[in-house]
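>
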Amino acid sequence: MMVKENLIYEGTRSTPQVELNPETGKFRIEGRSIPENAFEFYKPVMEWLIEYNKTPNVETHLEIYLEYINSGSLKQLFRIIYVLEDALEMGNESYVTWFYRKGDELMLQKGLEFQQFLDIPIQLKEI
Amino acid sequence: MYALYKRLSEEDFSFAYLDNFTDKATDALVSIQDARINPDKAARRKIRYLVTECFQNVIRHSQPKYNSFDKLFAVRSKGNHHAVVSINPVDQRKVNELGASIDSLKKLSEKELKAVYLDALQGKGFNKSGGAGLGLIEMARKSKKVPNYTFHRVDNDTSEFQFELAFHTQKTGVNDVFDIDTTEFYHYLKSNKVLILQKGQFSQDVVMSLFELLEGSLKNNIDSSAVSQKLYLVIELLQNMSNYSLETAKGKSGIFQIKLGENGETIFETGNYLSNTEADNFNSHLNELKNLGKIELLKRYNKELRKGLKENDKPNAGIGIMEMLKLTQGNLDYHIEPIDDKKSFIVLTATVK
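Going down the list, the sequences are from chains R and G.
Going letter by letter, the first sequence gives residues 1091 to 1217 in this note's numbering.
Going letter by letter, the second sequence gives residues 9 to 361 in this note's numbering.
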């Protein structure tokens, strides 16, 4: 089954806004990601992505702009980006833009670590 | 910290906020009360009102700072008995007027209080110092009790005003005396340079409200580069406590405080019961991680991130303690107090410069 529907979550005080568009291959995760159970929150996102990856867009671009994050969410984001790497292996283009606020050393640090640990191109962008 | 937790053990909720607070914290303070008092709407309304009024009074009527830790705002609950407490410096010239205003309320019946309130609304009576008169009358009406107060002379121009409003949200036979009185409580907080303390249940809603309070407070007081790191540490500590805290008769209770160290460093501390098995696991896990060098820790971190990547089963977050170690540059300490053959009390201390 091919993913046809967008996946959209509104942001809350502890979870980010999520927008995954299979038509354009543009994905965005933005806001706060500090839920008590990050695995449960990101589970539908992961399932959606695994399905999407069966017939991915020629180009997939994930934008991550997080104000606050917890360690549980970091692990889930790592899994999400890891899944996107599979699209690379299928010969499609796939990359991530990791935004961080000017002076936010923590989010910069997390972006650098992900760059170091993962093969997918991760562009760090200060805003 | 265990000694303090024990002294506060009869209290379902204890909260203290010292020093550099502004009225921007009002919403978050109310949100903390809402999160902990559920689902009693009437109690919630009453506490919400009295907390807001009392907190804004402290801010509105405080003299400029004369010393560090010279302001306190506290909320304490034991069953249906509650106390809202404030300590702040006031202009010495206002001491008599303020004392007389509160004393005058003592003689009044509920009906008379209402009449005085209506007069004050129209600018009559003793409502001469802005909102103070009106606020005091309304607090007395809502709590059905006249506040207690004391003044301690600080210098020629300033007195320390200690204000305490005790009330019930339902009739109860509960002993309404707190084991630690306000003076002792304040002394503990001041001498330990505590900026904020909270004891009670740490549900996700409570954690989020406290997080938002700290977010506002940190943004006011420190440079932005350190804010997200400190908040990251706070959320890790609070969620760690919430996850591992042992269920007791009073739910998953714990204690959290932020204080200043001797050299200006910020110290974040949590304390909670946990099972002896969890205590042993934590003990060996943290000791093992603390013995790793920086690069080894990063390698281990990478390995933990990759755990469970291919499976769909629930992965253990596993990286929380590593994140705290990295953020504190190794300054993550703990103390485990054995309680009985089933449980221990753990205090986790994270220090950042």
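Here a beta-carbon is modelled for each residue, glycine too, at the ideal position from N, C-alpha and C.
Fair warning: this is a prediction, and the values are worked out from it, not measured in the lab.
Which residue comes first and which comes last in the beta strand (DSSP E) that contains G/ALA128?
It is not in any beta strand (DSSP E) - G/ALA128 instead sits in the alpha helix (DSSP H) that spans 118–129.
> Would you call the region 341–360 of chain G in contact with the region 242–257 of chain G, where contact means no fewer than 3 C-beta pairs closer than 8 Å?
Contact between the region 341–360 of chain G and the region 242–257 of chain G is present, because at least three Cβ pairs lie under 8 Å.
> On the CB-based measure, 16 or more other CB atoms within 10 Å of its CB, does R/PRO1211 come out buried or exposed?
Answer is exposed; the Cβ neighbour count stays below 16.
> Taking 6 Å as the limit between beta carbons, can you name the residues of its chain near G/GLY138, skipping five residues before and five after?
Model confidence at G/GLY138 stands at a pLDDT of 41, short of 50, so the residue's coordinates are unreliable and nothing is read from them.
> I need the straight-line Cα distance from G/ALA33 to R/SER1184, nearest angstrom please.
Their backbone Cα atoms lie some 43 Å apart in a straight line.
> Given this structure, state the Cα-to-Cα distance separating G/LYS361 from G/VAL202, to the nearest angstrom.
Computed Cα separation, rounded: 16 Å.
> If you draw a straight line from the C-alpha of G/ASP321 to the C-alpha of G/VAL242, how long is it?
Because G/ASP321 sits at a pLDDT of 46, beneath the cut-off of 50, its placement in the model cannot be relied upon, and the following sentence gives the value as read from the coordinates. Using only the alpha carbons, I get a separation of about 28 Å.
> Could you spell out where the beta strand (DSSP E) holding R/ILE1225 opens and where it closes?
No answer is possible for residue 1225 of chain R: the residues shown for chain R start at 1091 and end at 1217.
> With distances taken Cα to Cα, identify the nearest neighbour of G/ALA82 among G/LEU113, G/PHE186, G/GLU105.
For G/ALA82, the nearest C-alpha among the options comes from G/PHE186.
> Does the beta-carbon of G/VAL66 have 16 or more other beta-carbons within 10 angstroms, so that it is buried, or is it exposed?
Classification for G/VAL66: buried.
> Helix, strand or coil for G/ASP363 per DSSP?
The question about residue 363 of chain G has no answer here: the residues shown for chain G are numbered 9 through 361.
> Quick one: which chain R residues come within Cβ less than 8 Å of G/GLU331?
Chain R residues near G/GLU331: SER1161, LEU1164.
> Please specify which runs of the beta strand (DSSP E), each continuous and at least 3 residues long, are wholly inside the region 149–225 of chain G, giving them in chain order.
With a minimum length of 3 residues, the continuous beta strand (DSSP E) runs that stay inside the region 149–225 of chain G are 156–161, 166–176, 202–209.
> In this structure, does DSSP put R/ILE1119 in helix, strand or coil?
Strand.
> For G/ILE266, which of helix, strand or coil comes out of DSSP?
Note: G/ILE266 maps to strand in three-state DSSP.
> Can you check whether the C-beta of G/GLY328 is within less than 8 Å of a C-beta belonging to chain C?
Considering every chain present, this structure includes no chain C. Its protein chains are R and G.
> What is the DSSP secondary structure of G/GLY279, counted as helix, strand or coil?
DSSP places G/GLY279 in strand when its eight states are reduced to three.
> Please confirm whether G/LYS207 and G/LEU58 have their CB atoms less than 8 Å apart.
Not a contact, by the Cβ cut-off of 8 Å.
> Could you give the DSSP three-state label for G/GLU331: helix, strand or coil?
Here G/GLU331 sits in helix by DSSP.
> Along chain R, in chain order, which residues have C-beta atoms closer than 8 Å to that of G/GLU244?
In chain order: ASN1160, SER1161.
> Residues in the same chain with beta-carbon distance under 6 Å from R/GLU1131, minus the five sequence neighbours each way, listed in chain order, please.
It should be noted that the sequence gives Phe, not Glu, for residue 1131 of chain R. Here the set comprises THR1105, PRO1125.
> Report the neighbours of G/MET216 on chain R: residues whose CB is nearer than 7 Å to its CB, in chain order.
The answer, in chain order, is ARG1103, SER1104.
> Does the distance from the C-beta atom of G/THR278 to that of G/GLY259 stay below 8 Å?
Their beta carbons are not under 8 Å apart, which means G/THR278 does not touch G/GLY259 by this criterion.
> Quick one: which unbroken alpha helix (DSSP H) runs of 4-plus residues sit fully inside the region 20–80 of chain G? Chain order, please.
Runs of the alpha helix (DSSP H) inside the region 20–80 of chain G: 34–44, 49–69.
> Tell me the DSSP secondary structure of R/PHE1105 in three-state form.
Rather than Phe, the amino acid found at residue 1105 of chain R in this sequence is Thr. R/THR1105: coil per DSSP, three-state reduction.
> Under 8 Å between the Cβ atoms of R/ILE1154 and R/VAL1186?
Their beta carbons are under 8 Å apart, which means R/ILE1154 touches R/VAL1186 by this criterion.
> Roughly how many angstroms lie between the CA atoms of G/LEU294 and R/LEU1156, to the nearest whole one?
One C-alpha to the other measures close to 28 Å.
> Which residues, in order along the region 1194–1206 of chain R, keep a beta-carbon less than 7 Å from a beta-carbon of chain G?
Listed in sequence order: ASP1194, GLU1195, LEU1196, MET1197.
> Looking only at C-alpha atoms, which of G/LEU197, G/LEU129, G/LEU205, G/SER94 sits nearest to G/PRO155?
Looking at the Cα atoms, G/SER94 is the closest of the given residues.
> Use the C-beta contact count for G/ARG101: other C-beta atoms within 10 angstroms, 16 or more gives buried, fewer gives exposed.
Exposed: under 16 other Cβ atoms inside 10 Å.
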